[in-house]
Each structure stands twice: as structure tokens, then as C-alpha cells.
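This report concerns only the one structure given below.
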Amino acid sequence: MIGEVRQALLLQRLRYGAEEITHQKAFQWATIGSAGCLGRDDIGKIAVGKQADIALFKLDEIRFAGAGSPVAAILLCGATKADKVMVAGKWRVLEGQIVGVDMNQLMAKQITLAANLARA
């Protein structure tokens, strides 16, 4: 979703300019705005009574240096993989890995299924 938010941000900046279309505004589109489009008031922001959905990114790489804010770094500097993800108050991704999923086993199954599909 970050790629889509970045694309929307850049396209709207072409029309309205960077002063009008800020990274903070784009972040609001992606959070509160998306929740509103879905007709959901239980998601979209961190507050008491909300779902507690949050994605955390490591921003300690050179590509994020000088972005000016964590939100700008995530949206403008190519953040693609969350380090931690909480959904409805439960950690679903920790240290970049999906909790409770054996990725090697999942990839082996995918390879087998893809090979079967290719032969069909």
C-alpha cells in the first residue's frame, strides 16, 4: 500500500504542488481517509477503542537520511517491508517475518504448486 500512497502523493503534487500536498496529508489519506472510504470508524488511527493496527519500519539506512520526518522517509524514500506489524492488537509480523508461518515450508509448497500449474 505504501507504493500506492507514494504514487498518489506524487501525482497530486504534479497538479497542486508540494506545499499543498504534503507527506502528512498523504499519510492521512492512507489511514483516516481509507477507513472513511470503507465506512469503518474502528480503524484509521491509534486511539482508545480502535483496532490497534500499526506498521513499524526500520529507518536506519542511508536512503532514509535527510527525509525530515519518519512519515516522509516511509512514503518518499522507498520503505517496502515493515519490521513489525500489529493487527487488532496482535503482533502479526516481528523482525520482518510473519509470526507463526514457516516461510521455507510455504515456499516449498509454492514451488510445487507452481510446477503443477505449469504442467497443466
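The sequence shown maps to residues 82 to 201 in our numbering. Ideal Cβ positions, reconstructed from N, Cα and C, are used throughout, including at glycine. The model shown is predicted, which means the values in this text are computed figures rather than measured ones.
Whole-angstrom Cβ separation of residue i and residue j, contact assumed at under 8 Å?
i: residue 198; j: residue 87; result: With a Cβ gap of about 32 Å, residue 198 and residue 87 do not count as contacting.
i: residue 212; j: residue 159; result: Not covered by the structure: residue 212. The range shown for the chain is 82 to 201.
i: residue 177; j: residue 162; result: 6 Å
i: residue 83; j: residue 179; result: The Cβ separation is near 17 Å, so there is no contact.
Cutting at 8 Å between CB atoms, please list the residues of its own chain near residue i, excluding the five before and the five after it.
i: residue 113; result: 125 and 126
i: residue 89; result: 107 and 110
Please return the same chain residues whose Cβ sits closer than 6 Å to the Cβ of residue i, not counting the five positions on each side in sequence.
i: residue 168; result: 134
i: residue 116; result: 124 and 125
Specify, as a first and last residue, the run of the alpha helix (DSSP H) that residue i falls within.
i: residue 153; result: 151-157
i: residue 108; result: 104-109
i: residue 85; result: 83-97
i: residue 192; result: 184-200
Determine, using beta carbons only, whether residue i and residue j come nearer to each other than 7 Å.
i: residue 104; j: residue 152; result: yes
i: residue 138; j: residue 164; result: yes
i: residue 166; j: residue 195; result: no
Tell me the DSSP bridge mates of residue i?
i: residue 136; result: 166
i: residue 179; result: 174
Start and end of the beta strand (DSSP E) containing residue i?
i: residue 174; result: 171-175
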